[in-house]
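**Student:** In full-length UniProt numbering, the protein residues as written are 1 to 1057.
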C-alpha cells in the first residue's frame, strides 16, 4: 500500500501565525554607512555603501496562487527570458496582472477565518533580478533591504532560501553575505503573496494591491566591527533651556567609537566623546548649552556623526525637542501646541502606494503652503524619506503602526440580537467592539504579531525629530494586545506620548482621541473637569466631495479650550486611480467597483482635500483659511485686533499689506507696520488706513499677512493669512436704471403677453405662468424659462452615513417635485411705465401631499428692468425639514457661454471669489469683482459628480453675450424701511451658479467623463435667495443649524436688467 500524500506538505509561512519573520535582522533605525565624515554629513545616499536594486530589469511572473507559480524559479539557471519585465517599485494590479485593484473600507476582501487565508485564490508574484556587487561594497557584510512589500514574501539569493517577512508597510533586512558571489553575477528571487495571516490586521481603508512597492537595496556594512543601531533622546532642563543629549550605539565587534555633535551649519563640533568599545550597547550623554529647539515652526537641526575606527561613519539629523504630558496637556518644549493636521495615506493615481519621492515632497510643500503643521501617517508608517522631509520642513508627525482590523466589527454587528440592536448607539458600539476585539486584539495568540508592529515602527523612526507621537494603529478596537504594545514602547522610548483612538476612555493611552464628533461633544469634553488628559481629533471634517463645511467652528473651540489640542482632517487626498473607459477610451479616476471589485465601498475612497492628481480642492483652501496662524479677532471701521496663533514664533517674520476696495474695485494699497516681538497668543490692535477718497459703495479693507523672507517651504511674500474688514455699514442701493418717459407697449393674445420697452421685449405665457422670452435689442437671454426650484444634485455630505438632510429630501420625494400653475392675472400701472403679472403656483412632489404655495409677481418696467418677487408658504404633511436651495433656475442660449476672442468676460460678479463658495465654506473666498472668460470656468469638477460651482454672498452678477449685450442680476432686500425710503431698493446678498450641466444629469453621472456626454451648450443658470450648507455628513455631523435652509415661509425678489 502506497503512503498517503498531503497538500500542502507543511503549513505555509504566510498562513502560520507563529511565523512573522525568518532570518530577518533585528529592526533598526534608518541610516546608511559612509566611508568618510564629509560623505556621511552630505546625507547623499549615492555616496554611501548602498546599491539600489530597485528600478527596471526585474523579471516578473504572475500566478493565481503560491502553489501554481513557477517551480524552481529561484535557481540561477532558471530561464526567465519569456517572463515579463516589471519595474520595481510597483504594484502588479496596476500593471495589468490579476483581478485588478480592489477597494474596500471595512469589510475583509477574503473569507474570514483568521489566521487562515485562501490557498487557491492568493495571487502570487514571482520576481527575479540579476545583479553584481559594486566594488565599493565588496568585503563588506552585505545586507538585502526591502523597504516595503505587500503583503508577505520569501526571498532567495543564488538559489538559497534567505528568509521570510510579513508586515506590508515595515522594512525587512537580511544578511546575505555568505551566499553572494562578490565577483560574479547573482540571482535575487522573490515570491510575493497577496494574502497572509497579516492581512487580518492590515485591513485599512484603501485599495488592496500587491507587490514590491518600495525600494530594494543592497547595503554594505563593515564585515566584523560595525554600528548596528542608534538610539537618541534629547532631554531639556526644567526651564527648557539647556539640554542633555543621550546617545546609545549598538555594536558588533570592538574598536574606537567616536560620537560628535555638529552645529546647524555642520561647521563646528559642539560636543564629542571617544570610547573604546567591545560590542553590545555603549551609552553617551552630552550636556548642550541652550541649543536652538526643534519645533514644527522652527525646525532647527543639528547633526550627529558616529564613527567607528575612523573608517565607517553614520550621520543623522538631530532636533532638540521634548514632548511631555504636563498639566493635563500635550506640551512641546514646555508649551501647549495645537495640531492643525492632515491624515496622509500613501497614494499615487498611477502607481498606487509606489509613490515617487518628488510627488511625496510636493505633498509636504503643499501642506506647508496651506498652514498644515501636523501629519498622521494613516494608517501605517510612511516611506522613510518622508520623515527626513518632515524633520527639515517642520511637521508634528503622529507616526502610526501598520495595524487595523475593523472588518471584524461588521461580523460582530451582524451577530447582534434584536434586543442589542435597539441599544443606544454608544452602548451598541461598545458591545460590538468588545466582541470584535476577541478575534485578534484581545486574543493572546496575536500578541506577538501586535507588538511586532510597534517594534518595527519605533525602532525605524525613533531618531526623527518630527516624530512627536506614536500611534498604535487605527480602528482595531481595544484589548490586551494594545496594552502590550503601549508597554513595550514605553520601555524602549519614553520620550513621546502614545495615541490610539479606540481606547475611548484613555484607560491606557496618554490622550483621548475621537473621530468626527459634533462640536457640542468636544465642548462638553473640554468643560468636563474630570477629564485629566487632552483630546485630539485624529480624524475630523471628513473631506468627501463638496465640503467640508463649518471648519472654522472646530478651530475656534480648539483655541478657546486648551484641552482641545487640534486634529487631523480626513483626509489629505482622493485615492482615485487613473484609468480609461473600456468603451470610449476616456480617462477618469476610478474608485471602488470600477474594476469589478466586490465587495467594495464605492467612492468612499474619494474623500480628500486634494483631487486624485494632488491638486487642491476648494476644501483645502477653506481649511487653510480656518487654521491661519494670524487671526483678526475683532474690528471696528478704524481698527483691527489681531492674535498670534503660532505656537512658538513671534510675528517678526510677517509683513502686513492692505488694499482698500470700493464696491470691489481697488482704490488704495500699502503696508501696515506690525508691532515687534508679538508672541504666541498675544494680541495687538492695528490702525486701519483711511481712504484717500470718499468711498461711494461698499468699503472693504483687505489685510494680507505675508512671509517676509523665503524659507525652505514658503517663497518671499507668500500669503499666510488674510482678512476682509468692512469699513462702512450702510445699506447699498441696488443699481437700477431710471425709468424713461416712454411707456411700455403691451400686446395680448389668448395664450401670450408681449411687453416691450425701448430696449427690451418680454413674452409671457399666462397659461403656464412662465416667462417665455427676454430679448434685449433682439438678443435673446432665455433658452429655457425661469422656474422656481429647490433641488440640487446631492453632495456626498447630503447622503451621509448617519442622519442626513439629503436622506430626508429623498424620503419626502423632493427630487420628484416641480411647480404647477394655478392661475394668473395681469394689469398695467396708470402711468403705463410698469406692467405686472401675478401667478399662483404650487410646488408639489408626486405621491405625497405636501406643497409649497407660491405667489409670484413679475413686474416689467419701461427702464428695461424685470423684477420677479416670490412668496412661498410650505403646507401639508411630510414636509422636508430643510431645503437644498431656494431660487430661480433657467437656461441661456449658447452665445452667452463666452470664449470669443477679444470679447469681455462671459460672467462678471461682485462677491466672493474666485472659487466656489457656500454658506459654511466661504471664508477662503475673498470679496471682489471677478470675471471668467467662459462659463465652464465656474464649474468644480468633483471626481464623483455632485453639486458644485456655487458662488455665495454675491452682490451682482453680469452675463455678457457674444454680441456685447449684457444682463445683470441682483437681489433686493425686502426688509421694511423707515418712512420716506419705502420705494428705495437695497441690494441683498445671494447665490448664483452657472454651468453647462443640468441637475438631473449631474445626479445621474458616476464619473466626470460620463457627465461630459450630457453637457449642454446652453448656460444652466441658478439665482438663489438662499442655499443649504454642506456640513461633513459623509462621515460626521450634518449641516449645522445656523447654515441649514429651514423649510418655512419665505419671500425674495430678483432684478434682471
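Ideal Cβ placement from N, Cα and C applies to all residues, glycine included. These figures come from a predicted structure and were not determined experimentally.
1. Less than 8 Å between the CB atoms is what I'm expecting for residue 1055 and residue 972, so what's the real figure, rounded?
2. For my contact list, residue 243 and residue 288 are in at a C-beta cut-off of 8 Å; report their separation, rounded to the angstrom.
3. DSSP three-state call for residue 561: helix, strand or coil?
4. If you follow the beta strand (DSSP E) that residue 284 is part of, which residue opens it and which one closes it?
5. Where does residue 342 land, buried or exposed, given buried means 16+ other C-beta within 10 angstroms?
6. Just to check my reading of the structure: residue 913 and residue 951 have Cβ atoms closer than 8 Å, yes? What is that Cβ distance to the nearest angstrom?
7. Under the three-state reduction of DSSP, which class applies to residue 32: helix, strand or coil?
8. Find the nearest neighbour of residue 890 within the set 261, 997 and 668, judged by alpha-carbon distance.
9. Which residue comes first and which comes last in the beta strand (DSSP E) that contains residue 969?
10. Can you tell me where the beta strand (DSSP E) with residue 1092 in it begins and where it stops?
11. Using the rule of at least 16 other Cβ atoms within 10 Å of the residue's Cβ for burial, across every protein chain shown, is residue 518 buried or exposed?
12. Out of 875, 831 and 835, which has the shortest C-alpha to C-alpha gap to residue 1065?
13. Using three-state DSSP, classify residue 786 as helix, strand or coil.
14. Can you tell me the Cα-Cα spacing of residue 881 and residue 946, whole angstroms?
15. Rounded C-beta distance between residue 702 and residue 720? I'm assuming under 8 Å.
16. Report the start-end ranges of each alpha helix (DSSP H) in the region 404-472 that is 4 residues or longer and not cut off at the edges.
17. Need the endpoints of the beta strand (DSSP E) that residue 537 sits in, please.
18. What are the complete beta strand (DSSP E) segments, minimum 3 residues, inside the region 574-615?
19. Can you find at least 3 beta carbon pairs, one from the region 88-103 and one from the region 17-35, that sit closer than 8 Å?
20. Counting only the same chain and skipping the five closest in sequence on each side, list residues whose C-beta sits under 6 Å from that of residue 579.
21. Going by DSSP in three states, residue 633 sits in which element: helix, strand or coil?
22. Cβ of residue 521 versus every heavy atom of the ligand SAH: is any distance shorter than 7 Å?
23. For the candidate residues 864, 1019, 961 and 799, whose alpha-carbon lies nearest to that of residue 944?
24. With a floor of 4 residues, list each alpha helix (DSSP H) that falls wholly inside the region 756-843, ordered by position along the chain.
25. Per the DSSP calculation, residue 108 is bridged to which residue(s)?
26. According to DSSP, which residues form a beta bridge with residue 566?
27. What is the DSSP secondary structure of residue 912, counted as helix, strand or coil?
28. Quick check for students: name the residue ranges of the beta strand (DSSP E) that lie wholly in the region 481-530, counting only runs of 3 or more.
29. From residue 941 to residue 557, what distance separates their C-alpha atoms?
30. Is the Cβ-Cβ distance between residue 472 and residue 504 less than 8 Å?
31. Measuring straight from C-alpha to C-alpha, what distance separates residue 1051 and residue 750?
32. Using CA coordinates, which residue listed in 167, 140 and 911 is at the minimum distance from residue 152?
33. Taking one C-beta from the region 115-129 and one from the region 236-253 each time, how about it: are there three or more such pairs within less than 8 Å?
34. Please name the residue in 345, 586, 478 and 464 whose C-alpha comes closest to that of residue 1007.
35. Is it true that the CB of residue 190 sits closer than 8 Å to the CB of residue 142?
36. Could you give the DSSP three-state label for residue 66: helix, strand or coil?
**Tutor:** Taking the coordinates as given:
1. Their Cβ separation, rounded to whole angstroms, is 6 Å, which keeps residue 1055 and residue 972 in contact under 8 Å.
2. Going by Cβ atoms, the distance from residue 243 to residue 288 rounds to 4 Å, so yes, they are a contact pair.
3. When DSSP states are grouped into helix, strand and coil, residue 561 belongs to the coil group.
4. Its beta strand (DSSP E) spans residues 269-288.
5. The residue in question, residue 342, is buried, as its Cβ has 16 or more Cβ neighbours within 10 Å.
6. About 6 Å separates the two Cβ atoms, so the contact holds.
7. The three-state reading of DSSP puts residue 32 in coil, since its state is none of H, G, I, E or B.
8. Just measuring C-alpha positions, the residue of 261, 997 and 668 sitting nearest residue 890 is 997.
9. Unbroken beta strand (DSSP E) run through residue 969: 966-973.
10. Residue 1092 is absent from the structure shown; the chain starts at 1 and stops at 1057.
11. Per the 10 Å Cβ criterion, exposed.
12. Absent from the structure is residue 1065, since the part of the chain shown begins at 1 and ends at 1057.
13. If DSSP states are grouped into helix, strand and coil, residue 786 belongs with the strands.
14. Those two C-alpha atoms are separated by around 21 Å.
15. Not confirmed; about 14 Å, so no contact.
16. DSSP runs (the alpha helix (DSSP H)) wholly in the region 404-472: 407-414, 418-421, 425-437 and 447-461.
17. For residue 537, the enclosing beta strand (DSSP E) covers residues 535-540.
18. Given a length threshold of 3 residues, each whole run of the beta strand (DSSP E) inside the region 574-615 is given here in chain order: 577-580 and 587-590.
19. The answer is no - the region 17-35 does not touch the region 88-103, with fewer than three Cβ pairs under 8 Å.
20. Here the set comprises 590.
21. In the structure shown, residue 633 falls within a strand segment according to DSSP collapsed to helix, strand and coil.
22. Because no ligand of any kind appears in the structure shown, any question about the ligand SAH cannot be addressed here.
23. For residue 944, the closest alpha carbon among the candidates 864, 1019, 961 and 799 is that of 799.
24. Listed in chain order, the complete alpha helix (DSSP H) runs (minimum 4 residues) inside the region 756-843 are 805-811.
25. None, per the DSSP bridge assignment.
26. Bridge pairing for residue 566: 339 [DSSP].
27. It is a strand residue.
28. Look at the region 481-530 and you find these whole runs of beta strand (DSSP E), each 3 residues long or longer: 512-515.
29. Rounded to the nearest angstrom, the two C-alpha atoms are 32 Å apart.
30. No, the pair does not count as a contact, with Cβ atoms beyond the cut-off.
31. Residue 1051 and residue 750: Cα-Cα distance of roughly 30 Å.
32. The shortest C-alpha separation from residue 152 is found at 167.
33. No contact exists between the region 115-129 and the region 236-253.
34. The residue with the shortest Cα to Cα distance from residue 1007 is 586.
35. No, they are not a contact pair.
36. Collapsing the DSSP output to three states places residue 66 in a helix.
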